[in-house]
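> Top to bottom, those sequences are chains A and B.
For the first sequence, the working numbering gives the first residue as 282, with consecutive numbering after it.
For the second sequence, the working numbering gives the first residue as 406, with consecutive numbering after it.
Just so you know, even glycine gets a beta-carbon here, dropped at the ideal spot from N, CA and C.
Pasting a structure below so you can have a look.
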Amino acid sequence: MAITVTLPAVLAKLANDQRTHTADGATLGDVVETLAQRYPSLAPRLRDEAGKPYPFVVYYLNDEDVRLGDGFAATVADGDEVTLIPAIAGG
Amino acid sequence: MTTISSDAATLPPLGRDELLRYSRHLLLDQVGVEGQRRLKAARVLLVGAGGLGSPTALYLAAAGVGTIGIVDFDVVDASNLQRQILHGTADVGRAKTASARDTLHDINPNVHVQTFETQLTPENALEILRDFDIVIDGSDSFATRFLTSDASVLLGKPNVYGSIFRFEGQASVFNVDGGPCYRCLFREPPPPGLVPNCAEAGVLGVLPGLLGTIQATEALKLILGIGEPLIGRLLLVDALEMRFQTVTVRRDPSCPSCGDAVHGGGTIHSLADRAQDYHAAACDVPDAVAAGAITEITPAELAARISRGDDFELIDVREPHEWEIAHLEGARLVPLGTIPNALADLDRSRDVVLYCKGGVRSLRAAEALQQIGFTRLTSVAGGILRWSAEVDPTVPRY
């Protein structure tokens, strides 16, 4: 199942300079792990050492913040869109 | 929708010059004379008079917001002028608050500008924010953002949020009408080093203009009680692809700041409760330095080691375009992103001295090298900027 993952430019630098990626998996966690393995230098920016989401990177599955649902356990389906939003602080 | 309510009868009147000045507002049904009087009565606090605070302040002053507060401890640096349009070349070296006040008074002498030349701290935040109707977060560190947010929640003030990084920005309106707060979106600040947050990362000069004017728009809408503010929505701006996207942000009942006790939220009752969040700037010193495993030397000490002919590997961990601007003689360019792999073949017992622009990336590089077994690691405090200031002024600053 192809899930589309959109990275912010700051993370795209660590993923072959590509903003949009496709990955397979049954859950959001699978998709994240697939990307982490594809781009080892991106991996520590996607999730912590235990494979859990960070409190300063928000994952949207379509238009919903997954933390208020099932988190990385959320099931994903063909055509779903995942958007990563990291905390940024510049002013 | 909720707004900054004020009884119409108590609103200040407009003088003849103000009727003329604001005529294009008065022609709008959604503003009119009463709305303009609401703007005149309004008190808006800007946290930061930098990239975001500049356009925000300019438009709020021009629009006739009666009182504009500005918190900023910094002085104007030449490198600010590329985007901080409140300040001009003649202001370099002046306090940003003083420069901002002069500029705003020039645009609109009717505006009362209240300046706070200080860093926002847990000790002064509530006192400074208390007297304002709306808080605009244009700060440049996670520490100040979490502090601004928590203080806004404690005082029940709307927090008009904007943030920028390189070519991308975020904006939202927090803490209004039962909507989410900043902590509902980002629960905790990132640890040092994980999320780039330094001046070194760069920013397209016009980007804070885009985001700051959005913050000013949202503040005016809140004051006037018109339109649909960005409550419960996060606006994402990508200036490179010129794409605007909004995603839903929900209030999190377990949010430590604005959540409900019944859901384990609302545990921040005072700014002392999460003091650690207000000091954890992403540019802070990594743990290994604090623990003494990595040493720091001043540029003068490095110059002395070079002139003594000490044997060490000098590594510049900046990016190639920075190397082209200036670099130290005898150095080797190994950008941070390629470390530690690019140095994996180097003798681990060798003395390695690392430098970057300001002394933060070199510490991160040292940490990465320490993890693969290097033991004699030194970082140049203050980087090439301090080298320029203290050792060799012919090295250009950037």
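#1: Which residues of the region 520–552 of chain B have a Cβ closer than 7 Å to any Cβ of chain A? Give them in chain order.
#2: To test your reading of the DSSP string, which unbroken beta strand (DSSP E) runs of 3 or more residues are found completely within the region 626–673 of chain B?
#3: When DSSP labels each residue in this structure, what does A:H302 get in the three-state scheme?
#4: Within this structure, are the beta carbons of B:T618 and B:Y427 separated by less than 8 Å?
#5: What's the gap between the Cα of B:C589 and the Cα of B:V654?
#6: From B:P745 to B:Y760, what distance separates their C-alpha atoms?
#7: Closer than 7 Å, Cβ to Cβ, to anything on chain B: give me those residues from the region 288–312 of chain A, in chain order.
#8: A:Q344 versus chain B: which residues are under 7 Å apart at the beta carbon?
#9: Taking CB distances under 8 Å as the criterion, tell me whether B:S594 reaches chain A.
#10: Ordered along the chain, which non-local residues of its own chain (more than five positions away) have a Cβ less than 6 Å from that of B:V758?
#11: Based on Cα-Cα distance, which residue from B:L432, B:P661, B:E772 lies nearest to B:D555?
#12: Listed in chain order, which residues of the region 339–367 of chain A have Cβ atoms closer than 9 Å to some Cβ of chain B?
#13: Anything in the region 319–336 of chain A with a Cβ closer than 9 Å to a Cβ of chain B? List those residues in chain order, please.
#14: Do you know offhand how far A:R300's Cα is from B:A708's?
#15: Using the Cα positions of B:E772 and B:Q620, report the straight-line distance between them to the nearest angstrom.
#16: Can you find a C-beta in chain A that's less than 8 Å from the C-beta of B:D657?
#17: Is the Cβ-Cβ distance between B:G764 and B:G735 less than 8 Å?
#18: Using beta carbons (cut-off 8 Å, strictly below), is A:I369 in contact with chain B?
#19: Relative to the C-alpha of B:H430, which candidate in B:A414, B:S459, B:G469, B:N529 has its C-alpha closest?
#20: Does any residue of chain A bring its CB to less than 8 Å from the CB of B:G788?
#21: The region 630–649 of chain B: which residues have C-beta closer than 9 Å to a C-beta of chain A, in chain order?
#22: When you compare each of B:E623, B:S793, B:S411 to B:A731 by their alpha carbons, which one comes out closest?
#23: Of the residues B:V796, B:V642, B:T672, which one's Cα is nearest the Cα of B:R710?
#24: Under 8 Å, Cβ to Cβ, is there at least one residue of chain A near B:V690?
#25: For B:R753 and B:D479, what's the separation of their Cα atoms in angstroms?
#26: In the region 553–579 of chain B, which residues sit with their C-beta less than 9 Å from some C-beta in chain D, listed in chain order?
#27: Give the residues of chain A in contact with B:V608, contact being defined as C-beta atoms less than 8 Å apart.
#28: Under 8 Å Cβ to Cβ from B:L560, same chain only, skipping five residues before and after it: list those, please.
#29: Would you mind giving the Cβ-Cβ distance between B:F537 and B:L450, rounded to the nearest angstrom? I have them listed as a contact below 8 Å.
#30: So with CB distances below 9 Å, who are the chain A contacts of B:R590?
#31: What does B:G763 touch in chain A if you count any residue whose Cβ is under 7 Å from its own?
#32: Between the alpha carbons of B:A686 and B:I673, how many angstroms are there, rounded?
#33: Just the Cα atoms here: how many angstroms apart are B:T407 and B:V581?
#34: Give the secondary structure of A:L316 by DSSP, where H, G and I count as helix, E and B as strand, and everything else as coil.
#35: Identify the residues that DSSP records as bridge partners of B:E701: which are they?
#36: Report the three-state DSSP secondary structure of B:V765 (helix, strand or coil).
According to the structure shown:
#1: G543, S544, D545, S546, F547, R550
#2: 638–643, 648–653
#3: Looking up residue 302 of chain A in the first sequence gives position 21. Strand at A:H302.
#4: On the second sequence, residue 618 of chain B is found 213 positions in, with the first residue counted as 1. On the second sequence, residue 427 of chain B is found 22 positions in, with the first residue counted as 1. Contact flag unset, no.
#5: Indexing the second sequence from 1 puts residue 589 of chain B at position 184. Indexing the second sequence from 1 puts residue 654 of chain B at position 249. So the two alpha carbons sit approximately 8 Å from each other.
#6: If you number the second sequence from 1, residue 745 of chain B lands on position 340. If you number the second sequence from 1, residue 760 of chain B lands on position 355. Their Cα atoms are separated by approximately 15 Å.
#7: Cβ contacts with chain B: P289, A290, V291.
#8: Translated into positions along the first sequence, residue 344 of chain A becomes position 63. At residue 344 of chain A the sequence reads Asp, which differs from the Gln that was named. Residues of chain B passing the Cβ test: V652, T653.
#9: Here residue 594 of chain B refers to the residue found at position 189 of the second sequence. For the sequence presented, residue 594 of chain B should be read as Pro rather than Ser. Yes, contact with chain A.
#10: Numbered from 1 along the second sequence, position 353 holds the residue referred to as residue 758 of chain B. So the list reads F717, L719, T783, once near-sequence residues are dropped.
#11: As a working note, residue 555 of chain B is residue 150 in the second sequence. Of the candidates B:L432, B:P661, B:E772, the one whose C-alpha sits nearest the C-alpha of B:D555 is B:P661.
#12: V339, Y341, D344, E345, D346, R348, L349, T364, I366, P367
#13: Those residues of the region 319–336 of chain A placed with their C-beta closer than 9 Å to a C-beta in chain B are S322, P325, R326, Y335, P336, ordered along the chain.
#14: Reading the first sequence from its first residue, position 19 is the one you call residue 300 of chain A. Reading the second sequence from its first residue, position 303 is the one you call residue 708 of chain B. Approximately 43 Å between the Cα atoms of the pair.
#15: Residue numbering aside, residue 772 of chain B sits at position 367 when the second sequence is read from its first letter. Residue numbering aside, residue 620 of chain B sits at position 215 when the second sequence is read from its first letter. C-alpha separation (whole angstroms): 38 Å.
#16: Residue numbering aside, residue 657 of chain B sits at position 252 when the second sequence is read from its first letter. Interface residue, yes.
#17: Here residue 764 of chain B refers to the residue found at position 359 of the second sequence. Here residue 735 of chain B refers to the residue found at position 330 of the second sequence. Taking a C-beta distance under 8 Å as the contact criterion, B:G764 and B:G735 do not qualify as a contact pair.
#18: Your numbering for residue 369 of chain A matches position 88 in the first sequence. At least one chain B Cβ lies under 8 Å of A:I369.
#19: Locating residue 430 of chain B in the second sequence gives position 25, where the first residue counts as 1. Among B:A414, B:S459, B:G469, B:N529, the Cα nearest to that of B:H430 belongs to B:G469.
#20: Position 383 of the second sequence, counted from the start, is the residue given in the question as residue 788 of chain B. No, because no Cβ of chain A sits closer than 8 Å to the Cβ of B:G788.
#21: L639, L641, D643, L645, E646
#22: For the purposes of this step, residue 731 of chain B is taken as residue 326 along the second sequence, with counting starting at 1. For B:A731, the nearest C-alpha among the options comes from B:S793.
#23: Residue mapping note: residue 710 of chain B aligns to position 305 of the second sequence, counting from 1. Of the candidates B:V796, B:V642, B:T672, the one whose C-alpha sits nearest the C-alpha of B:R710 is B:V796.
#24: As a first step, residue 690 of chain B is located in the second sequence; it is residue number 285 there, counting from the start. Confidence at B:V690 is low in this model, with a pLDDT of 48, below 50, so its placement is unreliable and the value that follows should be read with caution. Chain A contact via Cβ: absent.
#25: Translated into positions along the second sequence, residue 753 of chain B becomes position 348. Translated into positions along the second sequence, residue 479 of chain B becomes position 74. So the alpha carbons of these two residues sit roughly 41 Å apart.
#26: Checking the listed chains, one finds no chain D in this structure; the protein chains it contains are A and B.
#27: Looking up residue 608 of chain B in the second sequence gives position 203. Correct list: G371.
#28: As a working note, residue 560 of chain B is residue 155 in the second sequence. The beta carbon of B:L560 sits closer than 8 Å to those of L531, L534, R535, all from its chain and outside the five residues before and after it, given in chain order.
#29: In the second sequence, residue 537 of chain B corresponds to position 132, counting from 1. In the second sequence, residue 450 of chain B corresponds to position 45, counting from 1. About 4 Å; that satisfies the 8 Å criterion.
#30: Position 185 of the second sequence holds residue 590 of chain B. In the sequence under discussion, the amino acid at residue 590 of chain B is Leu, which differs from the Arg named in the question. Ordered by position in chain A, the residues that pass the 9 Å Cβ test against B:L590 are V339, D346, I366, A368.
#31: The residue you call residue 763 of chain B lines up with position 358 of the second sequence. None at all; the shortest Cβ gap to chain A is about 15 Å.
#32: Here residue 686 of chain B is taken as the residue at index 281 of the second sequence, counted from 1. Here residue 673 of chain B is taken as the residue at index 268 of the second sequence, counted from 1. With a pLDDT of 48 at B:A686, under the threshold of 50, the modelled position of that residue is not reliable, and the figure given next carries that caveat. Spanning the two alpha carbons is a distance of roughly 20 Å.
#33: Within the second sequence, numbered from 1, the residue matching residue 407 of chain B stands at position 2. Within the second sequence, numbered from 1, the residue matching residue 581 of chain B stands at position 176. Residue placement at B:T407 is flagged as unreliable, the pLDDT there being 47, under the threshold of 50; a coordinate-derived value is accordingly withheld.
#34: Locating residue 316 of chain A in the first sequence gives position 35, counting from the first residue. Note: A:L316 maps to helix in three-state DSSP.
#35: By one-based count along the second sequence, residue 701 of chain B stands at place 296. According to DSSP, B:E701 bridges with B:S784.
#36: The sequence position of residue 765 of chain B within the second sequence is 360, counting from 1. Of the three classes helix, strand and coil, the one that applies to B:V765 here is coil, per DSSP.
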